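Residue numbers (UniProt numbering): 1 to 331.
If you want it as structure tokens, here you go:
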């Protein structure tokens with residue numbers, strides 16, 4: 001059975017409810033404060049579990065974060081390899097505006113505690129990495145996964161430094177997940193070649209400037225010499241949907257965002273929700289099977305629907321919907 005190992009961050013999220021995100025030099029009042037479990041690694045692990053996948057989380061917390069482990073267990077995440085460190089648990093200070101938009105400050109805390117890589121990742125079939133842990137640990141786990149034939153998914157958020165991006169072993173990654181801003185930043189850093197994008201209006205890709213810009217960015221990235229011909233690129237576009245570029249397909253895939261039943265309440269966990277659901281759906285595919293356009297399109301529809309439900313709710317981890325909720329909306 002497929003099993004995913006998430007090597008990632010575990011945080012305590014502190015939400016400050018504000019009318020608008022504070023500007024430089026400005027002081028603003030908060031109408032409320034809430035404390036919740038979070039961290040990109042933890043959120044994505046919960047999303048995998050809620051989507052029906054078997055998932056192990058490797059990370060570190062402080063003594064002040066033991067309650068977070070209870071939350072993770074409740075959602076079905078295996079936390080046997082989460083270490084209790086001397087440092088305090090990582091923190092995210094989140095301003096949440098009335099519009100649902102957010103601004104986040106991260107404190108690494110125990111996420112940067114030294115964790116030795118295991119001698120093997122088996123029985124793992126999939127490895128999911130982000131960028132809220134030491135970069136050396138990311139590289140170590142990625143190298144081990146590559147040597148053992150484990151499918152690796154990388155979500156480079158927050159964006160690594162310029163030097164880290166330029167030396168990163170992109171050819172060891174099977175799936176790269178970025179948003180439109182990250183795709184553009186990555187393109188600028190790597191200096192990818194200027195290639196003519198595919199003509200793709202036939203399969204539903206709208207010819208809007210922003211979509212064509214995002215598509216051009218990931219098309220150029222896919223041609224970069226650092227990337228192998230097997231790197232699949234997913235670019236999330238927020239309220240505009242998602243783009244996918246797979247080397248095995250001749251055309252890009254575009255899926256619009258899901259229609260909401262309520263207002264946008266909080267976008268904090270949407271990206272992690274999308275990522276976790278994507279990994280869970282990939283885990284359901286037969287090992288070594290080729291993805292066709294119909295299958296990939298359906299997977300993306302599931303992911304955007306999950307993210308759509310997520311933004312209608314408050315919080316990150318707790319806002320991630322169960323698989324049954326997602327399919328009820330889809331049908």
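Quick reminder that beta carbons are idealized off the backbone N, C-alpha and C, glycines included.
Just so you know, these numbers come straight off a predicted model, no measurement behind them.
- Among residues of its own chain, excluding the 5 on either side of residue 95, which ones have a beta-carbon nearer than 7 Å to its beta-carbon? Taking the chain shown and counting its residues from 1, the one referred to as residue 95 is at position 95. Around residue 95: 16, 18, 21, 22, 102 and 103.
- Message: Alpha carbons only, please: which of 247, 106, 240 and 218 is nearest the one belonging to residue 228?
- Response: Looking up residue 228 in the chain shown gives position 228. By alpha-carbon distance to residue 228, the top candidate from 247, 106, 240 and 218 is 247.
- Query: CA-CA distance, residue 5 and residue 281?
  - Reply: Counting from one through the chain shown, the residue named residue 5 turns up at place 5. Counting from one through the chain shown, the residue named residue 281 turns up at place 281. For residue 5 and residue 281, the distance between alpha carbons rounds to 15 Å.
- Query: DSSP on residue 258, reduced to helix/strand/coil?
  - Reply: Residue 258 sits at position 258 when you count from the first residue of the chain shown. Reduced to three states, the DSSP call for residue 258 is coil.
- Query: Buried or exposed: which applies to residue 138, given that a residue is buried once 16 or more other Cβ atoms fall within 10 Å of its Cβ?
  - Reply: Taking the first residue of the chain shown as position 1, residue 138 is located at position 138. The residue is buried, with at least 16 neighbouring Cβ atoms inside 10 Å.
- Message: According to DSSP, simplified to helix, strand and coil, what is residue 274?
- Response: Taking the first residue of the chain shown as 1, we reach residue 274 at position 274. Correct three-state label for residue 274: helix.
- Assign residue 306 to one of three DSSP states: helix, strand, or coil. Along the chain shown, one-based indexing puts residue 306 at 306. In the structure shown, residue 306 sits in a helix (DSSP, three-state: H, G or I).
- Excluding sequence positions up to five away, which residues of its chain have a Cβ less than 8 Å from the Cβ of residue 69? Looking up residue 69 in the chain shown gives position 69. So the list reads 61, 79 and 82, once near-sequence residues are dropped.
- Message: Are the CB atoms of residue 216 and residue 171 within a distance shorter than 8 Å?
- Response: To locate residue 171, count along the chain shown from 1; it is residue 171. To locate residue 216, count along the chain shown from 1; it is residue 216. At the C-beta level, residue 171 and residue 216 stay beyond 8 Å of one another.
- Task: Taking the CB atoms as reference points, tell me whether residue 88 and residue 109 lie closer together than 8 Å.
- Result: Taking the first residue of the chain shown as 1, we reach residue 88 at position 88. Taking the first residue of the chain shown as 1, we reach residue 109 at position 109. Taking a C-beta distance under 8 Å as the contact criterion, residue 88 and residue 109 qualify as a contact pair.
- Query: Taking the alpha-carbon positions, what's the residue 67 to residue 38 distance?
  - Reply: Mapped onto the chain shown, residue 67 falls at position 67. Mapped onto the chain shown, residue 38 falls at position 38. Near 12 Å, if we compare the C-alpha coordinates of residue 38 and residue 67.
- Identify the residues that DSSP records as bridge partners of residue 32: which are they? By one-based count along the chain shown, residue 32 stands at place 32. Answer is 17.
- Message: Please list the terminal residues of the continuous alpha helix (DSSP H) segment that includes residue 218.
- Response: One-based indexing of the chain shown puts residue 218 at position 218. Following the DSSP letters along the chain, one finds residue 218 inside the alpha helix (DSSP H) bounded by residues 209-222.
- Out of 188, 28, 56 and 212, which has the shortest C-alpha to C-alpha gap to residue 221? Your numbering for residue 221 matches position 221 in the chain shown. Residue 188 is the option with its Cα nearest to residue 221.
- Task: May I have the straight-line CA-CA distance separating residue 270 from residue 261, to the nearest angstrom?
- Result: Start at 1 with the first residue of the chain shown, and residue 270 comes out as number 270. Start at 1 with the first residue of the chain shown, and residue 261 comes out as number 261. Looking at the two C-alpha atoms, the distance is approximately 16 Å.
- Item | When 272, 303, 279 and 330 are compared against residue 315, the one with the closest alpha-carbon | Residue 315 sits at position 315 when you count from the first residue of the chain shown. Residue 272 is the option with its Cα nearest to residue 315.
- Query: Should the stretch 120-137 be regarded as contacting the stretch 156-167, the criterion being three or more beta carbon pairs within less than 8 Å?
  - Reply: In this structure the stretch 120-137 touches the stretch 156-167; the number of beta carbon pairs closer than 8 Å is three or more.
- Message: Along the chain, where does the alpha helix (DSSP H) containing residue 43 start, and where does it finish?
- Response: Locating residue 43 in the chain shown gives position 43, where the first residue counts as 1. 40-50 is the extent of the alpha helix (DSSP H) around residue 43.
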